Amino acid sequence: MLTHLIKESAVAALQHFYPDQTFTVDAVNVNETKVEFSGDYTIVLFPFVKMLRCKPDELGKQLGEFLVSNQADLFVGYQVVSGFLNLTISDHYFVDLLQKNWSNPEFGKGKVTGKKVMVEYSSPNTNKPLHFGHLRNIFLGYALGNILKDTGNTLVKANLINDRGIHICKSMVAWKRYANGATPQSAGIKGDHLVGDYYVHFNDVYKVEIAGLVANGMDEKLAEKEAPIMQEAQQMLRQWEAGDKEVYDLWQTMNGWVYDGFKVSYDRLGVDFDKMYYESNTYLLGKSIVEKGLEKGVLFKKEDNSVWIDLTADGLDQKLLLRGDGTSVYMTQDVGTAVLKYNDFGLDQSVYVIADEQNYHMQVLKLILEKMGEPCANGIFHLSYGMVELPTGKMKSREGTVVDADDMMDEMVRMAQEQTEENGKADGFSAEELAALYQMIGMGALKFYLLRVDPKKRMIFDPKESIDLHGFTATFIQYAHARICSILRKEHLPLMPSEQHFDAFVLSQSLSQSEKNILLSLEQFPQVLQNAAEEMSPSVLCNYAFQLAQSFNTFYDQHSISKAENEEKKQLRLMMIIMTAQTLRRAMNLLGIDLPEKM
RNA sequence: GGUCCGGUAGCUCAGCUGGAUAGAGCAUCAGCCUUCUAAGCUGAGGGUCAUUGGUUCGAAUCCAAUCCGGAUCACCA
6 MLTHLIKESA
16 VAALQHFYPD
26 QTFTVDAVNV
36 NETKVEFSGD
46 YTIVLFPFVK
56 MLRCKPDELG
66 KQLGEFLVSN
76 QADLFVGYQV
86 VSGFLNLTIS
96 DHYFVDLLQK
106 NWSNPEFGKG
116 KVTGKKVMVE
126 YSSPNTNKPL
136 HFGHLRNIFL
146 GYALGNILKD
156 TGNTLVKANL
166 INDRGIHICK
176 SMVAWKRYAN
186 GATPQSAGIK
196 GDHLVGDYYV
206 HFNDVYKVEI
216 AGLVANGMDE
226 KLAEKEAPIM
236 QEAQQMLRQW
246 EAGDKEVYDL
256 WQTMNGWVYD
266 GFKVSYDRLG
276 VDFDKMYYES
286 NTYLLGKSIV
296 EKGLEKGVLF
306 KKEDNSVWID
316 LTADGLDQKL
326 LLRGDGTSVY
336 MTQDVGTAVL
346 KYNDFGLDQS
356 VYVIADEQNY
366 HMQVLKLILE
376 KMGEPCANGI
386 FHLSYGMVEL
396 PTGKMKSREG
406 TVVDADDMMD
416 EMVRMAQEQT
426 EENGKADGFS
436 AEELAALYQM
446 IGMGALKFYL
456 LRVDPKKRMI
466 FDPKESIDLH
476 GFTATFIQYA
486 HARICSILRK
496 EHLPLMPSEQ
506 HFDAFVLSQS
516 LSQSEKNILL
526 SLEQFPQVLQ
536 NAAEEMSPSV
546 LCNYAFQLAQ
556 SFNTFYDQHS
566 ISKAENEEKK
576 QLRLMMIIMT
586 AQTLRRAMNL
596 LGIDLPEKM
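Residue numbers (the working numbering): 6 to 604.
Next up, the structure:
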C-alpha cells in the first residue's frame with residue numbers, strides 16, 4: 006500500500022542521513038496532502054526535528070532530495086512547507102497499479118486469516134413483525150459479515166430466534182380469544198403481521214382490564230398482575246413449559262406463520278443465515294452449564310435456591326442465573342447459546358449485533374463465561390448500535406408505534422418509482438426491468454441511510470421526512486455506476502473486458518488532477534476494506550464509495566472518455582472507469598447494495 | 001447515585017492511534033444541459049468542534065472537572 010511504501014522510504018532516507026539512530030515505520034506520520042498545497046502525500050517532520058535536533062525545513066529538503074533522486078519511480082517532486090514534506094507521487098506508479106488491477110475482480114480482498122468468525126444478527130422475537138429498528142441491526146450484521154469474509158475470515162451468519170417466553174404467549178392468548186381461527190391464508194395477512202396484530206390486541210385488552218380493576222379500587226401494580234388476560238398468558242407459559250400438547254401445537258403453528266413472514270422479509274432484504282439457533286433449544290444447555298458453575302464454585306446459591314454470580318469485585322452487581330424455582334432467565338439462555346455456538350463451529354470470534362441497551366448484559370455475559378473458564382469467552386465481541394427512534398420517542402411494538410419494516414420497504418420502492426418518473430428516466434425499460442430498478446434504488450437508499458452513520462450513534466427517524474435520494478446516498482453512487490456502464494455500452498465494451506484488452510497501453514502523457522484523484526482513491530480501497538473490518542464499521546465503506554463516486558463525477562464532468570483528446574487518454578480513462586465501476590460494485594455489494602447498469 | 005455512550009455548520013453526519021486555514025451532504029444563494037445519463041458539476045455564505053482547565057512545538061482528537069442528552073444497573077426477554 007502506498008502510504009506504507011512512503012513510510013518505508015522515509016525510514017530508509019532517515020537511516021541514510023542518521024545512521025546512529027533507529028527509525029520505525031510506525032513513527033512516520035503520513036497524511037494526504039491538503040488541496041491547497043502541491044503534492045499527494047505529506048510526511049510530518051516535527052517528530053524527527055525534536056529527536057534529531059535539526060531544523061524542519063533542512064530535514065525536509067534533505068529527505069525530499071534523497072527520495073526524489075533515489076526513488077524516481079515513486080517520487081517525482083517534493084515541497085517543504087513549514088515542517089511538512091509534501092511528496093508528489095509519480096504518474097507511473099498509479100498507471101502501473103491501474104494496469105495490474107483494472108480487471109481484477111478481487112482487488113482489495115484480504116489474505117486468508119484462517120480465522121473462523123460468527124456474526125449473529127437480526128435475532129427477532131416471534132411475536133411481532135420486523136420494524137425499522139430491526140433493519141439497522143440486519144443491515145449492519147449482514148454488511149459486517151461480508152466485510153469480515155472478504156478480509157479473509159471464514160464466516161458463519163447466525164440468527165438466534167427468541168421463540169419462547171411470555172410475549173409469545175400474549176399473542177397466543179389474544180389469537181385464541183379473538184381470532185375465530187383466522188390464519189394468514191384466511192385473513193390474507195402476512196403471518197408475522199397477523200401474530201403481531203394479536204400481540205397489540207392483547208395489550209389493548211390488557212390496558213382496559215387494568216383500568217377496570219383500578220376503577221374498582223384495586224392498586225395499579227396489583228391490577229397489572231391480576232388482569233384476567235395476563236393471568237391467562239402466564240397460565241399458558243406454564244403449560245408450555247410443562248409440555249402441554251395443545252399449547253405446544255398452537256405455539257408451533259403461530260411461530261410457523263411468523264417464520265413464513267420473516268422469510269419473505271429476509272428475502273426482500275437480501276439477507277440470509279447459515280445457522281439458526283432457537284432459544285427453546287438452548288435454554289436447557291444453559292441450565293446444565295450453570296450446574297457446572299455451581300460445582301466449580303464460581304456461582305453460589307441463595308436460601309431460596311436461586312443461583313447467582315458475584316461480580317462486585319469487577320465493579321458490577323450480583324447477577325441472577327437461575328430462579329428459585331429452577332427456571333431459566335435471559336442470561337441462562339445466552340450462556341448456553343454462547344457455548345453451543347463455540348462447540349458447533351470452533352469460533353475464533355463471535356460477534357453479536359445487538360442494540361446498545363444491552364451493553365451491560367453483554368459485558369456481564371462475557372465476564373460470566375470468563376469466570377467459568379469457558380473458552381468461548383475470549384472471542385465475544387458486542388457490536389453495539391444505537392436505537393432507531395421516532396420523533397415521538399421509542400418505537401414500541403406493544404403500542405403499535407412502530408415503522409413497520411415491510412411498509413418501509415414498500416415506501417422506499419414507491420419513492421424510487423416516483424423520482425424516476427419525475428426525472429423522465431423510466432423510458433426504454435420493460436416493466437420487469439423497472440420493477441427491478443425501483444427495488445434496487447429503494448432498497449439501496451434504505452440500506453445506505455442506515456449504514457452510513459457510526460453504529461454507536463442513535464438515530465431519530467422521521468417518517469414524514471422521506472429518505473433523500475440526493476447527495477450522500479446510495480442513489481448517488483448507483484448513478485455514477487450507471488453512467489460508467491452507459492459509456493462502456495456505447496464503446497461496445499462489457500463491464501469486464503478481457504484482460505488483454507489494454508495490453509498495448511503505454512503512458513506518455515501526464516495525468517490530470519481529476520484523473521489522479523480517482524487513482525488515489527482506487528489505490529486506497531484495500532486499506533479501507535481492512536479498516537472497515539478492524540473497526541467493525543460498514544460506514545467506512547459508505548464514506549469511501551461516496552468519495553470515489555464523487556471523484557468520478559468531477560472527472561466525468563471535466564473529461565470526455567469516448568471523445569478523449571487522443572487514443573492513449575481514451576484507453577487510460579476506459580481502464581480507469583472500468584476499475585472505478587468494479588470497485589464501487591465491490592464496496593456496495595459488501596454493504597448488500599446492488600448497482601444498476603442503467604437508471 | 002454507579003457504569004457506559006453521545007455532544008463538530010440551521011439540519012444529518014465525517015474527521016478522533018495529536019499535525020497545515022476543521023470537511024461532506026441537505027437546506028439557502030449564484031452559475032453550468034445542441035457534446036459519454038443535470039439523480040450530476042462549479043462556486044458563495046454558514047463553526048467559540050458543549051464549557052473550563054491541563055499535557056506540548058502543535059489539541060476537535062489525549063487527560064481532568066463541569067454541563068446537556070441517551071442507555072443501563074429486574075427472579076422481563
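The beta-carbon is built from N, C-alpha and C at its ideal position, and this holds for glycine as well.
Bear in mind that the values here come from a model prediction, so they are computed numbers and not experimental data.
* To do: From the DSSP output, in three-state form, read off D339 for me.
  => As a working note, residue 339 is residue 334 in the first sequence. Helix at D339.
* Jot down the residue ranges of each uninterrupted beta strand (DSSP E) in the stretch 76–111, minimum 3 residues, whole runs only, in chain order. => 80–86, 89–94
* To do: Along the beta strand (DSSP E) that carries S355, what are the first and last residues, could you check?
  => Counted from its first residue, the first sequence places residue 355 at position 350. Taken as a continuous stretch (DSSP letters only), the beta strand (DSSP E) holding S355 covers 354–360.
* To do: Would you mind working out which of L474, E70, E416, T27 sits nearest M56, comparing C-alpha positions?
  => Taking the first residue of the first sequence as 1, we reach residue 56 at position 51. When each option's Cα is compared against that of M56, the closest is T27.
* Hey, F386 and S435: beta-carbon distance below 8 Å or not? -> One-based indexing of the first sequence puts residue 386 at position 381. One-based indexing of the first sequence puts residue 435 at position 430. The answer is no: Cβ separation not under 8 Å.
* Contact check, I152 vs A479, beta carbons under 8 Å -> Taking the first residue of the first sequence as position 1, residue 152 is located at position 147. Taking the first residue of the first sequence as position 1, residue 479 is located at position 474. It is not a contact, given that the beta carbons lie outside the stated cut-off.
* To do: Measure the beta-carbon distance from P396 to I465 and round it to whole angstroms, keeping in mind my assumption that it falls under 8 Å.
  => As a first step, residue 396 must be located in the first sequence, where it is residue number 391. As a first step, residue 465 must be located in the first sequence, where it is residue number 460. Correct: roughly 6 Å between the Cβ atoms.
* Three-state secondary structure assigned by DSSP to G433 -> Position 428 of the first sequence, counted from the start, is the residue given in the question as residue 433. Note: G433 maps to coil in three-state DSSP.
* CB of F42 within 8 Å of CB of L19, strictly -> Reading the first sequence from its first residue, position 37 is the one you call residue 42. Reading the first sequence from its first residue, position 14 is the one you call residue 19. No, they are not a contact pair.
* To do: My understanding is that K138 touches V393, with C-beta atoms under 8 Å, so please give their C-beta distance in whole angstroms.
  => Working through the first sequence from its first residue, we reach residue 138 at position 133. Working through the first sequence from its first residue, we reach residue 393 at position 388. Note that residue 138 is Gly in the sequence shown, not Lys. The Cβ separation is near 4 Å, so the contact holds.
* Under 8 Å between the Cβ atoms of S519 and Q563? -> As a working note, residue 519 is residue 514 in the first sequence. As a working note, residue 563 is residue 558 in the first sequence. Cβ distance < 8 Å, so S519 and Q563 count as in contact.
* **Span of the beta strand (DSSP E), counted from its first residue to its last, around A163** => What you label residue 163 is simply residue 158 of the first sequence in a count that begins at 1. Per DSSP, A163 belongs to the beta strand (DSSP E) from 159–166.
* Considering only C-alpha positions, which residue in the set L455, D279, M593 is nearest to H486? -> Here residue 486 refers to the residue found at position 481 when the first sequence is read from its first residue. When only C-alpha atoms are compared, the closest one is M593.
* Asked: Is K297 helix, strand or coil when you go by DSSP?
  -> Translated into positions along the first sequence, residue 297 becomes position 292. Looking at K297 - three-state DSSP - the assignment turns out to be helix.
* To do: Consult DSSP for N1 and reduce its assignment to one of helix, strand or coil.
  => An answer regarding residue 1 cannot be provided, because it is not within the stretch 6 to 604 covered by the chain.
* Asked: What number of angstroms, rounded off, separates the C-alpha of G82 from the C-alpha of L524?
  -> The count along the first sequence starts at 1 and reaches residue 82 at position 77. The count along the first sequence starts at 1 and reaches residue 524 at position 519. Approximately 18 Å, taken between the alpha carbons.
* **Start and end residues, beta strand (DSSP E) containing I48** => As a working mapping, residue 48 is identified with position 43 in the first sequence. 46–49 is the extent of the beta strand (DSSP E) around I48.
* To do: Report the three-state DSSP secondary structure of L68 (helix, strand or coil).
  => The residue you call residue 68 lines up with position 63 of the first sequence. L68: helix per DSSP, three-state reduction.
* **3 or more residues per run - each beta strand (DSSP E) lying fully within the stretch 260–315** => 280–283, 312–315
* **DSSP bridge partner residues for D409 (one or two, in chain order)** => Numbered from 1 along the first sequence, position 404 holds the residue referred to as residue 409. D409 pairs with H136.
* **Per DSSP, the bridge partner or partners of I465** => As a first step, residue 465 must be located in the first sequence, where it is residue number 460. DSSP, once it has assigned bridges, lists E394 as partnering I465.
* Distance between V219 and A192 (C-alpha atoms, nearest Å) -> For the purposes of this step, residue 192 is taken as residue 187 along the first sequence, with counting starting at 1. For the purposes of this step, residue 219 is taken as residue 214 along the first sequence, with counting starting at 1. One C-alpha to the other measures close to 35 Å.
* Asked: If you run the structure through DSSP and keep just helix, strand and coil, what is N208?
  -> Along the first sequence, read from residue 1 onward, the residue named residue 208 stands at position 203. Helix at N208.
* Residue span of the alpha helix (DSSP H) that contains V545, given as start and end -> Taking the first sequence and counting its residues from 1, the one referred to as residue 545 is at position 540. Counting along the chain, the alpha helix (DSSP H) containing V545 begins and ends at 544–563.
* Residues sharing a beta bridge with K401, DSSP -> Taking the first sequence and counting its residues from 1, the one referred to as residue 401 is at position 396. T406, per the DSSP bridge assignment.
* Asked: Taking G115 as the reference, which of R591, P531, E539, L595 has the closest Cα?
  -> Taking the first sequence and counting its residues from 1, one reaches residue 115 at position 110. With distances taken between Cα atoms, G115 lies closest to P531.
* Asked: Helix, strand or coil for E496 per DSSP?
  -> Taking the first sequence and counting its residues from 1, one reaches residue 496 at position 491. In this structure, E496 counts as coil in the three-state DSSP scheme.
* Asked: Name the DSSP bridge partner or partners of S333?
  -> Position 328 of the first sequence, counting from 1, holds the residue named residue 333. Its beta-bridge partners are L327.
* CA nearest to the CA of Q104, picked from P601, I566, Y561, H506 -> Against the first sequence, residue 104 aligns to sequence position 99. Of the candidates P601, I566, Y561, H506, the one whose C-alpha sits nearest the C-alpha of Q104 is H506.
* To do: Hey, could you find the ends of the beta strand (DSSP E) N36 is sitting in?
  => Numbered from its first residue, the first sequence carries residue 36 at position 31. That run of the beta strand (DSSP E) goes 35–37.
* Return the chain-ordered ranges of every alpha helix (DSSP H) run that is complete within the stretch 182–252 and spans a minimum of 4 residues. => 189–192, 196–220, 225–231, 233–246
* To do: Going by DSSP, name the residue or residues bridged to V418.
  => Here residue 418 refers to the residue found at position 413 of the first sequence. According to DSSP, V418 bridges with nothing at all.
* Taking DSSP as the reference, what is the three-state secondary structure of I385? -> In the first sequence, residue 385 corresponds to position 380, counting from 1. Reduced to three states, the DSSP call for I385 is strand.
* Asked: Considering only residues of the same chain and omitting the five flanking positions on each side of Y147, which have a CB-CB separation below 6 Å?
  -> Translated into positions along the first sequence, residue 147 becomes position 142. Excluding residues within five positions, the ones whose Cβ falls inside 6 Å are V276, G597.
* Can you give me the start and stop residues for the alpha helix (DSSP H) that V16 sits inside? => For this step, residue 16 is matched to residue 11 along the first sequence. 7–22 is the span of the alpha helix (DSSP H), which, as asked, contains V16.
* Over the uninterrupted alpha helix (DSSP H) stretch that includes V124, give me the two end residues. => Indexing the first sequence from 1 puts residue 124 at position 119. Note, V124: premise wrong, no alpha helix (DSSP H); beta strand (DSSP E) at 121–125.
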